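First comes the structure, then the notes that go with it.
Numbering (the working numbering), first residue to last: 11 to 438.
What follows is the structure, given as structure tokens:
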């Protein structure tokens, strides 16, 4: 693939929102391999699915022979980016930031190649250069290149000052200078000529382009990826239960898999282009086949499988598929005790009951039924399963064999409404 076709491929996949000088960047890519960077501030102990978009964009560049640098914001994370924030960020301690950085570092290493010979990815921490710079030097050498008039006219600043009617501390106001200097520093010390970021970073990126020109007399470029929304206009990466994280301790592989499985038909083919490395032609073929078949679309399963394996590895995918198969196909015998604990951590409804409870009581307690009357109706209509087995006895009392791993029972109303009974151990 030619270097120019890389840009076309990124456009075709929906990975480009803005480019500072598109023709100039295309010309540069035709001439040589470049070094590019993308920054991630530690605002939590984990990245989330939205961070995958710039990371995968960087991977496309690396696959074409370019060298990606990931900047982790050990310094900028202590300050806080005001972009897309309606109010001042909470300032976290240096110890907290350092712990979060370590977690994020381990996650990033899954998505880029850090061991290839010619264009191996690099991770840098901007704390290393800001920690040795005193405030007077920063204001004299960096601050003098910034116009306050221009800074307050940047969209992120205007939004905070006027739309949200919130004040802005000098701490957050200075963030733009710090990120701009990151670009200039990496250009001088690592020959970086392109910064990749989310569309909310456009103002910070253009400041870095301008500062690099002033300090280093060099031409550099900026590229933003889109802040993704779903076809219904809602924010991508959010569910009713919260953010979808990349850390398996915060979002389990099963929950992660189900997040992608529930992608709507109107979004799934677009997401396949953005998040996977399947060719656009093959994705179009999948879409055509799904449209012409009378069966359920295959695209969601392909997307969920590839994304879960990418983020959680082969073992994470196996776990997700095992739980999915158990819940939706009734193969409860495949479940492991850790799988049930994972479901509980994921937020599935769980209650504690005494030994001797009956089915009607359990259905009402788990909110699978609103009353004993409805519970009886559900049982009579063959809508209730215990551990994957249909139960039609109105006055059924739970037995010892109903307790998985001696303490759990899985109730299901219909095909998708699950709840777990955690039997009181002191009664066993």
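Using N, Cα and C, we set each Cβ at its ideal position, and we do this for glycine too. Computed from a prediction, not measured in an experiment: that's the story for all the values here.
Notebook entry, point to check: Going by the beta-carbon positions, is the gap between residue 216 and residue 33 smaller than 8 Å?
Noted result: The residue you call residue 216 lines up with position 206 of the chain shown. The residue you call residue 33 lines up with position 23 of the chain shown. Cβ atoms of residue 216 and residue 33: not closer than 8 Å.
Check: Quick check: the segment 228-235 against the segment 255-265, are there 3 or more CB pairs under 8 Å?
Finding: no
Next item on the list: Could you please give the first and the last residue of the uninterrupted beta strand (DSSP E) stretch that includes residue 134?
Entry: Here the question's residue 134 lines up with position 124 in the chain shown. Unbroken beta strand (DSSP E) run through residue 134: 132-135.
Next item on the list: Please confirm if the segment 421-435 is in contact with the segment 387-397, defined as three or more CB-CB distances below 8 Å between the two stretches.
Entry: yes
Margin query: So, does the segment 274-294 touch the segment 325-338, judging by three or more C-beta pairs under 8 Å?
Written below: no
Margin query: So, under 8 Å CB-CB, residue 203 and residue 89 are touching, yes? Tell me the CB distance rounded to an integer number of Å.
Written below: Position 193 of the chain shown, counted from the start, is the residue given in the question as residue 203. Position 79 of the chain shown, counted from the start, is the residue given in the question as residue 89. At roughly 25 Å, the Cβ-Cβ gap does not stay under 8 Å, so residue 203 and residue 89 are not in contact.
Checklist line | Residue range of the unbroken beta strand (DSSP E) whose run includes residue 202 | finding: As a working mapping, residue 202 is identified with position 192 in the chain shown. Segment 202-208, the beta strand (DSSP E) holding residue 202.
Next item on the list: Round the Cβ separation of residue 356 and residue 429 to the nearest angstrom and send it over; I've been treating them as touching at under 8 Å.
Entry: As a first step, residue 356 is located in the chain shown; it is residue number 346 there, counting from the start. As a first step, residue 429 is located in the chain shown; it is residue number 419 there, counting from the start. With 8 Å as the limit, residue 356 and residue 429 do not qualify as a contact, their Cβ atoms being about 13 Å apart.
Notebook entry, point to check: Does the beta-carbon of residue 222 have 16 or more other beta-carbons within 10 angstroms, so that it is buried, or is it exposed?
Noted result: Counted from its first residue, the chain shown places residue 222 at position 212. Buried is the call here.
Notebook entry, point to check: Is the segment 182-197 close to the segment 68-86, with three or more CB pairs under 8 Å?
Noted result: yes
Note to self: If you reduce the DSSP assignment to three classes, tell me which class residue 38 lands in.
What the structure shows: Numbered from its first residue, the chain shown carries residue 38 at position 28. DSSP places residue 38 in helix when its eight states are reduced to three.
Checklist line | Exposure label - residue 312; buried when at least 16 CB within 10 Å | finding: Position 302 of the chain shown, counted from the start, is the residue given in the question as residue 312. When all chains shown are included, residue 312 counts as buried.
Next item on the list: For the alpha helix (DSSP H) containing residue 267, list its first residue and its last residue.
Entry: Against the chain shown, residue 267 aligns to sequence position 257. Where residue 267 is concerned, the enclosing alpha helix (DSSP H) stretches over 263-271.
Next item on the list: Give me the Cβ distance between residue 247 and residue 60, rounded to the nearest whole Å; I'm assuming they're in contact under 8 Å.
Entry: Here residue 247 refers to the residue found at position 237 of the chain shown. Here residue 60 refers to the residue found at position 50 of the chain shown. Contact holds; Cβ gap of about 5 Å.
Notebook entry, point to check: Would a C-beta distance cut-off of 8 Å place residue 208 and residue 234 closer than the cut-off?
Noted result: Here residue 208 corresponds to residue number 198 of the chain shown, with the count starting at 1. Here residue 234 corresponds to residue number 224 of the chain shown, with the count starting at 1. Yes.
Notebook entry, point to check: For residue 214, which residues from the same chain have a beta carbon less than 6 Å from its beta carbon, with the 5 sequence-adjacent residues on both sides left out?
Noted result: Numbered from 1 along the chain shown, position 204 holds the residue referred to as residue 214. Excluding sequence neighbours, residue 214 sits near 186 and 189.
Item checked: For residue 43 and residue 76, believed in contact at Cβ under 8 Å, the rounded distance -> The residue you call residue 76 lines up with position 66 of the chain shown. The residue you call residue 43 lines up with position 33 of the chain shown. Between residue 43 and residue 76 the Cβ distance is about 5 Å, and since that is below 8 Å, they are a contact.
Next item on the list: Answer yes if the segment 49-60 comes into contact with the segment 161-174, meaning at least three C-beta pairs across the two stretches below 8 Å, and no otherwise.
Entry: no
Margin query: Whether or not the segment 361-368 and the segment 399-414 are in contact is what I'm after, with contact meaning three or more pairs of Cβ atoms, one per stretch, closer than 8 Å; do they touch?
Written below: yes
Notebook entry, point to check: Straight-line CA distance for residue 340 to residue 66?
Noted result: Within the chain shown, residue 340 is the residue found at index 330, counting from 1. Within the chain shown, residue 66 is the residue found at index 56, counting from 1. Roughly 36 Å between the two C-alpha positions.
Notebook entry, point to check: Based on the DSSP output, what are the partners of residue 232 in its beta bridges?
Noted result: One-based indexing of the chain shown puts residue 232 at position 222. Looking at the DSSP assignment, residue 232 forms a beta bridge with 205.
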